[in-house]
Structures are given as C-alpha cells and as structure tokens.
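Numbering (this note's numbering), first residue to last: 23 to 271.
Ideal placement from N, C-alpha and C gives every residue a C-beta, glycine not left out.
For clarity, every value in this text was computed on a predicted model and none was experimentally measured.
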Amino acid sequence: MSIAKRSALVRAVTGAARTLGYELIPSWRVEQLAFERHLRNLFARYGIDSVFDVGANRGQYRDFLRYAVGFQGTIHSFEPVAAVAEQVAARARSDASWHVHHYALGAGEGAREINVNVSSTFSSFLEPSANAGSGFGRHTVLAHKEVVAMKRLDGVVSELAVDPATLYVKVDTQGFDLEVLRGGREALRRIKAIQFELAIRPGYQNVPEYREVLRQLEEWGFSVSGFFPVTTDKSLRAVEMDCVMVAGA
Numbered sequence: 023m024s025i026a027k028r029s030a031l032v033r034a035v036t037g038a039a040r041t042l043g044y045e046l047i048p049s050w051r052v053e054q055l056a057f058e059r060h061l062r063n064l065f066a067r068y069g070i071d072s073v074f075d076v077g078a079n080r081g082q083y084r085d086f087l088r089y090a091v092g093f094q095g096t097i098h099s100f101e102p103v104a105a106v107a108e109q110v111a112a113r114a115r116s117d118a119s120w121h122v123h124h125y126a127l128g129a130g131e132g133a134r135e136i137n138v139n140v141s142s143t144f145s146s147f148l149e150p151s152a153n154a155g156s157g158f159g160r161h162t163v164l165a166h167k168e169v170v171a172m173k174r175l176d177g178v179v180s181e182l183a184v185d186p187a188t189l190y191v192k193v194d195t196q197g198f199d200l201e202v203l204r205g206g207r208e209a210l211r212r213i214k215a216i217q218f219e220l221a222i223r224p225g226y227q228n229v230p231e232y233r234e235v236l237r238q239l240e241e242w243g244f245s246v247s248g249f250f251p252v253t254t255d256k257s258l259r260a261v262e263m264d265c266v267m268v269a270g271a
C-alpha cells in the first residue's frame, strides 16, 4: 500500500472513530498520553505562551510539545554541547518560534567543564555514579570534555524579555536540575509551573536525594502537579520521573 493510500485510510478510520466518540491513538503514544493531556490542561490553565527547554539535546522535547501537546507558542532551547547545539539550531530554522541558545544554565555565571558522553543525551556536569542499578553505564562513557558558557535563569529571563508569569520551565540536565533552578530564584517567584527530572536512583555523583529536591521546591512555593515515569529497572522500580510542579504550596 502506498504512503498516500495509507494516509487516506488512517484519516478515514480516524474520522469514523471520532463520529462514534472514540479517539485512535498510535501504540507508540500510549505511554506518554497521560503526560500529553496533563501538559495540555496545565498550559491552558496557566496561559503558558513560552517554554524554556533547558537541556535540549537534539530537540526531542520541542517535538513532543509541537506534535503531541499541540503547543504553538515560543520555545527557547538551551544546549551547551557545541556539536549538538549546532545540529539542533539547524533544525530550528524551519520553526520561526523556536530559538536555540548555545550555553548552559546553572546557579552561577562563567565557564564550566562538561563531560560529553558517547551518548549525547547523557552528557553532564557531573561524574557518572557507580550505581549499577541505573542501567545507563554504557551511555555515560566519556567521549571528551568541553568548556561551556553558563548563565543564570534570572538573567536569561530578563535578557530574552520573557514574562515569567506565562513561562513554563522544563529542565533535564542529567543531575544538574536543582542547580539550574537555583539560578532562577527571582523568576521562580512569578513562574506558575515547572518540570524537571527527578532521580529516584541517581546515575550521577552528588545528585541531591529526591526527597530533598521536593522539599526545596516546596520551600520555594511549589506543589506537585504530577509524576510521570521516564525509566524503570527490571523490577519495575522507578529510576527517573518527570516531575511537574505548580506555584502554590
């Protein structure tokens, strides 16, 4: 069957299902469906019109927002690794509302060395943990190190003239998420919702214990809105979870 005929068949079947009150979902989207719906509702509830994608890697989160969540607002992606930032910047040329920034965010400003691992998704400012239960060992083998520029979230919000009240901040920086948020204490007073990766069983050294992270964010005035599993081990114990929090302790 040709691609055109397959597409026509999908549209016909999808349309017929909707007339009966059903929605057809591809199998690859089933696991993330709850997360999609949650963000769709959250963005509508808080009037989110801009997203900071901190730790963009190759732009996977932008794709998720555009194609799954249906977000059409402005996306600012931050990626410190030079080769990866160049690749994602090339992709962004086809999306006028997608802006790529080649630097890291953290608690301070200046320059810092980052470990660029064989799998770019796992590059981090932190050293890999000896915790075999993380299951990421082969991905965190060091390829090389780079010195990258680092800025604070507060300064970037001001520099880009973004309204914190309608900004959603997503952080996925391989164990460095709390440091990123510490650099945005002023902005966090007005930001209504954030997302970060909560490490239940850290794959990197010196990562704060997940209860400590939650306590810190609660002290800053945020409450848990949702937990969404990212990875589990063979016993189905949580390794990492995406944590969404909203303002209002």
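**Prompt:** Thinking C-beta only, is LEU200 closer than 8 Å to GLN227?
**Reply:** With a cutoff of 8 Å on beta-carbon distance, GLN227 and LEU200 are scored as not near each other.
**Request:** Would you kindly work out how many angstroms separate the C-alpha atoms of PRO251 and SER257, rounded to a whole number?
**Result:** Going from the Cα of PRO251 to the Cα of SER257 covers about 14 Å.
**Request:** Put TYR44 into one of helix, strand or coil per three-state DSSP.
**Result:** coil
**Request:** Can you say whether ILE47 is buried or exposed, counting buried as having 16 or more other CB atoms within 10 angstroms of its CB?
**Result:** exposed
**Request:** Express the C-alpha separation of ASP71 and SER156 in angstroms, rounding to a whole number.
**Result:** Residue placement at SER156 is flagged as unreliable, the pLDDT there being 47, under the threshold of 50; a coordinate-derived value is accordingly withheld.
**Request:** Name the one or two DSSP bridge partners that ASP75 has.
**Result:** Beta-bridge pairing links ASP75 to SER99 and LYS192.
**Message:** For ALA154, which residues in the same chain have their Cβ closer than 8 Å to its Cβ, ignoring the five residues on either side in sequence?
**Reply:** With a pLDDT of only 42 at ALA154, under 50, the local geometry of the prediction cannot be trusted, and no value is derived from it.
**Asked** In whole angstroms, what separates the C-alpha of SER119 from that of ALA34?
**Response** Approximately 32 Å, taken between the alpha carbons.
**Prompt:** What's the C-alpha gap between LEU31 and ARG40?
**Reply:** 14 Å
**Message:** So the candidates are ARG115, HIS166, ASP85 and GLU231; which of them puts its Cα closest to the Cα of SER146?
**Reply:** HIS166
**Among ARG223, VAL193, ARG207 and GLY205, nearest to PHE74 - alpha-carbon criterion** = Nearest to PHE74 by C-alpha distance, out of ARG223, VAL193, ARG207 and GLY205, is VAL193.
**Message:** Residues in the same chain with beta-carbon distance under 7 Å from MET263, minus the five sequence neighbours each way, listed in chain order, please.
**Reply:** Here the set comprises LEU220, ILE222, PHE249, PHE250, PRO251 and VAL252.
**Request:** Report the rounded CA-to-CA distance for LEU164 versus PRO102, giving the unit in angstroms.
**Result:** 16 Å
**Request:** Could I get the ranges of all uninterrupted beta strand (DSSP E) runs contained in the region 213–255, with 3 residues as the minimum, in chain order?
**Result:** If we require 3 residues or more, the beta strand (DSSP E) runs fully inside the region 213–255 come out as 215–221 and 244–254.
**Message:** Is it buried or exposed, SER247, if we count other Cβ atoms within 10 angstroms and call 16 or more buried?
**Reply:** buried
**Asked** With C-beta atoms as the reference, is LEU127 less than 8 Å away from VAL179?
**Response** no
**Message:** Within the continuous alpha helix (DSSP H) that includes GLU181, where are the two ends?
**Reply:** Annotation: the continuous alpha helix (DSSP H) that includes GLU181 extends over 175–181.
**Prompt:** In terms of residue numbering, what span does the alpha helix (DSSP H) encompassing VAL110 cover?
**Reply:** 104–114
**Item:** Per-residue DSSP class, three states only, for GLU53
**Value:** coil
**Prompt:** Leaving out the 5 sequence neighbours to the left and right, which residues in its chain are closer than 7 Å to VAL110 when beta-carbon positions are compared?
**Reply:** Around VAL110: ALA78, ARG80, GLY81, SER99, GLU101 and VAL122.
**Request:** Leaving aside the five residues before and after GLY270 along the sequence, list all residues of the same chain whose C-beta is less than 8 Å from its C-beta, in chain order.
**Result:** GLY243, PHE244 and SER245
**Prompt:** Can you name the residues that DSSP bridges to ARG134?
**Reply:** VAL170
**Request:** With 8 Å as the threshold, decide whether the Cβ of LEU64 is near any Cβ in chain C.
**Result:** Protein chains in the displayed structure number just one, and chain C is not present.
**Prompt:** To the nearest whole angstrom, what separates the beta carbons of ALA133 and VAL169, a pair I think is in contact under 8 Å?
**Reply:** 5 Å
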